[in-house]
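Chains A and B, in that order, give the protein sequences. 1154 is the number of the first residue of the first sequence in our numbering; add one for each residue after it. 1154 is the number of the first residue of the second sequence in our numbering; add one for each residue after it. Glycine residues also receive a C-beta, built at the ideal position from the N, C-alpha and C atoms. From a predicted model like this one, the values you see are computed outputs, not experimental measurements. As structure tokens, the structure follows; a few thoughts come after it.
Protein chains: 2
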Amino acid sequence: MIQKLAEKIKKSHAPICVGLDPMLSYIPEHILKKAYGEFGETLEGAAEAVWQYNKAIIDATYDLIPAVKPQVAMYEQFGIEGLKVFQRTIEYCHEKDLVVIGDVKRGDIGSTSAAYAAGHLGKVQVGSQAYSAFDEDFITVNPYLGTDGVKPFIDVCKEEKKGIFILVKTSNPSSGEFQDRLIDGRPLYEWVGEMVAKWGEAHMGDSYSYIGAVVGATYPETGKILRKIMPKSFILVPGYGAQGATGADLAHFFQEDGLGAIVNSSRGIIAAYKQEKYQQFGSKNFADASRQAVVDMKTDIEGALSHVG
Amino acid sequence: MIQKLAEKIKKSHAPICVGLDPMLSYIPEHILKKAYGEFGETLEGAAEAVWQYNKAIIDATYDLIPAVKPQVAMYEQFGIEGLKVFQRTIEYCHEKDLVVIGDVKRGDIGSTSAAYAAGHLGKVQVGSQAYSAFDEDFITVNPYLGTDGVKPFIDVCKEEKKGIFILVKTSNPSSGEFQDRLIDGRPLYEWVGEMVAKWGEAHMGDSYSYIGAVVGATYPETGKILRKIMPKSFILVPGYGAQGATGADLAHFFQEDGLGAIVNSSRGIIAAYKQEKYQQFGSKNFADASRQAVVDMKTDIEGALSHVG
Chain A
1154 MIQKLAEKIK KSHAPICVGL DPMLSYIPEH ILKKAYGEFG ETLEGAAEAV WQYNKAIIDA
1214 TYDLIPAVKP QVAMYEQFGI EGLKVFQRTI EYCHEKDLVV IGDVKRGDIG STSAAYAAGH
1274 LGKVQVGSQA YSAFDEDFIT VNPYLGTDGV KPFIDVCKEE KKGIFILVKT SNPSSGEFQD
1334 RLIDGRPLYE WVGEMVAKWG EAHMGDSYSY IGAVVGATYP ETGKILRKIM PKSFILVPGY
1394 GAQGATGADL AHFFQEDGLG AIVNSSRGII AAYKQEKYQQ FGSKNFADAS RQAVVDMKTD
1454 IEGALSHVG
Chain B
1154 MIQKLAEKIK KSHAPICVGL DPMLSYIPEH ILKKAYGEFG ETLEGAAEAV WQYNKAIIDA
1214 TYDLIPAVKP QVAMYEQFGI EGLKVFQRTI EYCHEKDLVV IGDVKRGDIG STSAAYAAGH
1274 LGKVQVGSQA YSAFDEDFIT VNPYLGTDGV KPFIDVCKEE KKGIFILVKT SNPSSGEFQD
1334 RLIDGRPLYE WVGEMVAKWG EAHMGDSYSY IGAVVGATYP ETGKILRKIM PKSFILVPGY
1394 GAQGATGADL AHFFQEDGLG AIVNSSRGII AAYKQEKYQQ FGSKNFADAS RQAVVDMKTD
1454 IEGALSHVG
């Protein structure tokens, strides 16, 4: 799957991932009105609105991008109805041949991580039958519990030819509170990065490992260091756009060949029509605004990468 | 809710939490056979078996214990059908007046943590209506992202009078890989513990904070230190029984009045009938074996605590 991701990035010239993190406040009035009309102001109504919103954005962008990253929390908040749409969104993205990165940030003791791995990447055995519950291609994983909390995910990746992105340095303002603390003179995120590199080297696709890392675009200098520490790992880079990072911040996350990283933008793409820059589209044409935002993001990153190497 | 938990522990003389972490391999053949007979070897069939198993264990133990801790991964692996049973289990435990600790170990950047907090502890707004999706009383939270990943949970706890347990030192063998690394001469878990204490002191119930901590029973010496660092925080202690810790290991996690901690046992209680010690019950009477395991655990902890103070 890491090979598929790398090839799709090469072909599309777009190391871009669209974060499908729908909030009801992003969804245009006409979609909400229709969904509530049909299902009432219920969890089912909210889920229907999220689905229609996602579908329109996927339809408008799938030919430009290699991957999407649905954030499960945005679905989980609506309970069962929301999670049905999470599942449906993944299925629909697969129909469109998009690589799906489930942003679930799971991680627990071994036996529990094994259950998460089965539910999100692998299969669960029921008597003589095996079922894939959510069936993402990649998921994000939290490293706080150490190797035995991560290994069950790696084992399932090996079997299913899928992958994970392990949180190394997150994009949020307080990520440094623990992640930046110095251990033997080096920040915790470097030690986590070294473990990712170690796990990664043992689990290689053709040119990249299927054990990747999450490093926030909001910390470009950190990206530079971590790129060197984890030479075989793909880096998933959140924090572009709404969280404040720009194209110029991104160059360090890539290898000299312009590969090795994929940049996520959520709000900046899915709610583009709310920005002044795209207001000419209007809320009815919100998906066209999202498409334009992808085109602009691609140009911004291409510009930044042209200065590399 | 922390007050309710403390009072229920005092009344039951049982600082015990039953971990509702059902694996299909724990479930007796007669339950599996009936569920598969009705729904086939499907995700629905597996979910039905999990539900019948949970219900029997809850019915056999609820009058002895203050709280349960369902581990969401064990439900999530069966997808939507599994999560329906997670929800149904929480509802049923509430009917039995049990405190429900959702072991979800969520944690993300601020806006995402807010969505998890709404879905698990609070309410999500849909138009003019508000809905509780999963409605646990407490959940577990991962601290790797720092304050702004934790604060949305605290905000919802304040509003809903609920609580969280933050991972400080986990019970698994490799928890030390990152958590034990020394920062300015002290292990990372102490720094996390200090943050828990700081957050906790600002958010107090009557005598305990509603910001608690997870500290594994498998590391009793660590428990001793963290008990002092977080004097106002309840400690949720996993790792008793199947993970290897015994009553004697537990004394340090409690205050001198025998309060301030709650010890979880999952497999040791819910799959008690599989142990040699309880084999006389037989698989048909698995729930009675679970009840006896709770009684024995209570005696074990009482014995350990009688040496304290």
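Quiz item: Where I1254 of chain A and K1222 of chain A are concerned, what is the direct C-alpha to C-alpha distance, given to the nearest angstrom?
Solution: Between the alpha carbons of I1254 of chain A and K1222 of chain A lies a gap of roughly 5 Å.
Quiz item: Can the beta-carbon of T1323 of chain B be found closer than 8 Å to that of I1262 of chain A?
Solution: It is a contact, given that the beta carbons lie within the stated cut-off.
Exercise. Tell me, please, whether the CB atom of W1344 of chain A is closer than 8 Å to any CB atom in chain B?
Key: Contact of W1344 of chain A with chain B is assigned, a C-beta pair being separated by under 8 Å.
Quiz item: Which of helix, strand or coil does DSSP assign to L1507 of chain B?
Solution: Nothing can be reported for residue 1507 of chain B: it is not among the residues displayed for chain B, which extend from 1154 to 1462.
Quiz prompt | Residues of the region 1367-1398 of chain B with Cβ closer than 7 Å to any Cβ of chain C, in chain order | solution = Any reference to chain C falls outside this structure, whose protein chains are A and B.
Self-check item: Cutoff 7 Å; reference A1167 of chain A; Cβ partners in own chain excluding five residues on either side
Solution: Within the same chain, A1167 of chain A has close Cβ partners L1217, I1218, P1219, K1451.
Quiz item: Does DSSP put V1253 of chain B in a helix, in a strand, or in coil?
Solution: Look at V1253 of chain B here: in three-state DSSP terms it is strand.
Self-check item: K1284 of chain B: contacting residues in chain A (beta-carbon distance under 9 Å)
Solution: First, the residue type needs correcting, since residue 1284 of chain B is Tyr and not Lys in the sequence shown. Neighbours of Y1284 of chain B on chain A, chain order: T1195, L1196, A1199, F1231, G1232.
Quiz item: Counting along the chain, where does the alpha helix (DSSP H) carrying G1272 of chain A start and finish?
Solution: 1263-1273 is the span of the alpha helix (DSSP H), which, as asked, contains G1272 of chain A.
Quiz item: Cα separation between G1435 of chain A and V1321 of chain A?
Solution: Answer to the nearest angstrom: the Cα atoms are 38 Å apart.
Exercise. Give a yes or no on whether 8 Å exceeds the smallest Cβ distance from F1306 of chain A to chain B.
Key: No, its Cβ sits nowhere closer than 8 Å to a Cβ of chain B.
Quiz prompt | Euclidean distance between Cα positions of Y1245 of chain A and F1287 of chain A | solution = Taking the straight line joining both Cα atoms gives about 12 Å.
Exercise. Can you check the region 1201-1247 of chain B for any beta strand (DSSP E) of at least 3 residues that lies completely inside it and give the ranges in chain order?
Key: Qualifying beta strand (DSSP E) stretches: none in this window.
Self-check item: Meets three-Cβ-pair contact criterion under 8 Å: the region 1405-1418 of chain A and the region 1342-1353 of chain A
Solution: Proximity of the region 1405-1418 of chain A to the region 1342-1353 of chain A falls short of the contact definition, fewer than three beta-carbon pairs being nearer than 8 Å.
Quiz item: Quick one, are the C-beta atoms of T1300 of chain A and E1330 of chain B less than 8 Å apart?
Solution: Closer than 8 Å, so yes.
Quiz item: Where Q1282 of chain A and S1178 of chain B are concerned, what is the direct C-alpha to C-alpha distance, given to the nearest angstrom?
Solution: C-alpha separation (whole angstroms): 14 Å.
Exercise. Compare the beta carbon distance of F1306 of chain A and L1341 of chain A with 8 Å and say whether it is the shorter of the two.
Key: Contact check for F1306 of chain A against L1341 of chain A fails: the beta carbons are separated by 8 Å or more.
Quiz prompt | Where the beta strand (DSSP E) containing F1306 of chain A begins and where it ends | solution = DSSP places F1306 of chain A in no beta strand (DSSP E) but in the uninterrupted alpha helix (DSSP H) bounded by 1300-1313.
Quiz item: Does any CB atom of chain B fall closer than 8 Å to the CB of T1126 of chain A?
Solution: Only positions 1154 to 1462 of chain A appear in the structure, and residue 1126 of chain A is not among them; the question remains open.
Self-check item: Beta carbon of G1190 of chain A nearer than 8 Å to that of E1229 of chain B
Solution: In this structure, E1229 of chain B does not lie closer than 8 Å to G1190 of chain A by Cβ.
Quiz item: Hey, quick one: how far does the alpha helix (DSSP H) through A1442 of chain B stretch, first residue to last?
Solution: Counted as a single uninterrupted DSSP element, the alpha helix (DSSP H) harbouring A1442 of chain B occupies residues 1439-1459.
Self-check item: Partners in chain B for A1213 of chain A, counting only beta-carbon separations shorter than 7 Å
Solution: The contacting residues do not exist; A1213 of chain A stays about 23 Å from chain B at best.
Quiz item: When the Cα atoms are used, what is the spatial distance from Y1206 of chain A to I1317 of chain A?
Solution: Roughly 27 Å between the two C-alpha positions.
Quiz item: Counting Cβ pairs closer than 8 Å, one from the region 1193-1205 of chain B and one from the region 1386-1394 of chain B, do we hit at least three?
Solution: As far as the Cβ criterion goes, the region 1193-1205 of chain B does not touch the region 1386-1394 of chain B, which means the pair count is below three.
Quiz item: Taking 8 Å as the CB-CB limit, is Y1361 of chain A close to chain B?
Solution: Chain B, which has no Cβ nearer than 8 Å to the Cβ of Y1361 of chain A, makes this no.
Practice problem: Specify, as a first and last residue, the run of the beta strand (DSSP E) that Y1284 of chain A falls within. | Solution: That run of the beta strand (DSSP E) goes 1282-1284.
Exercise. From the DSSP output, in three-state form, read off L1341 of chain B for me.
Key: It is helical.
Practice problem: Determine the burial state of G1462 of chain A: buried for a count of at least 16 other Cβ atoms within 10 Å of its Cβ, exposed for fewer. | Solution: Bear in mind that the predicted position of G1462 of chain A carries a pLDDT of just 46, short of 50, making it too unreliable to give a figure here.
Quiz prompt | I1210 of chain A vs I1423 of chain A beta-carbon contact at 8 Å | solution = For the 8 Å CB-CB criterion, I1210 of chain A and I1423 of chain A form a contact.
Quiz prompt | the region 1269-1281 of chain B: positions lying closer than 7 Å to chain A by Cβ | solution = Answer set for the region 1269-1281 of chain B: Y1269, A1271, G1272, V1277, V1279, G1280, S1281.
Quiz item: In angstroms, rounded to a whole number, what distance separates the CA positions of K1249 of chain A and Y1215 of chain A?
Solution: About 7 Å.
Quiz item: How would you list, in chain order, the residues of chain A whose beta-carbon sits under 7 Å from the beta-carbon of Y1189 of chain B?
Solution: Under a criterion of Cβ atoms nearer than 7 Å, the residues of chain A adjacent to Y1189 of chain B are, in order, G1280.
Quiz item: How about C1343 of chain A and I1378 of chain A: do their beta carbons lie closer than 8 Å?
Solution: Residue identity check: residue 1343 of chain A is Glu in the sequence provided, not Cys. Yes, these two residues count as a Cβ contact at 8 Å.
Quiz item: From which residue to which residue does the beta strand (DSSP E) around G1316 of chain B run?
Solution: Looking at the DSSP string, the run of the beta strand (DSSP E) that includes G1316 of chain B is 1316-1322.
Exercise. Please list the residues of the region 1406-1429 of chain A that have a C-beta atom closer than 7 Å to any C-beta atom in chain B, keeping them in chain order.
Key: Here the close residues number zero.
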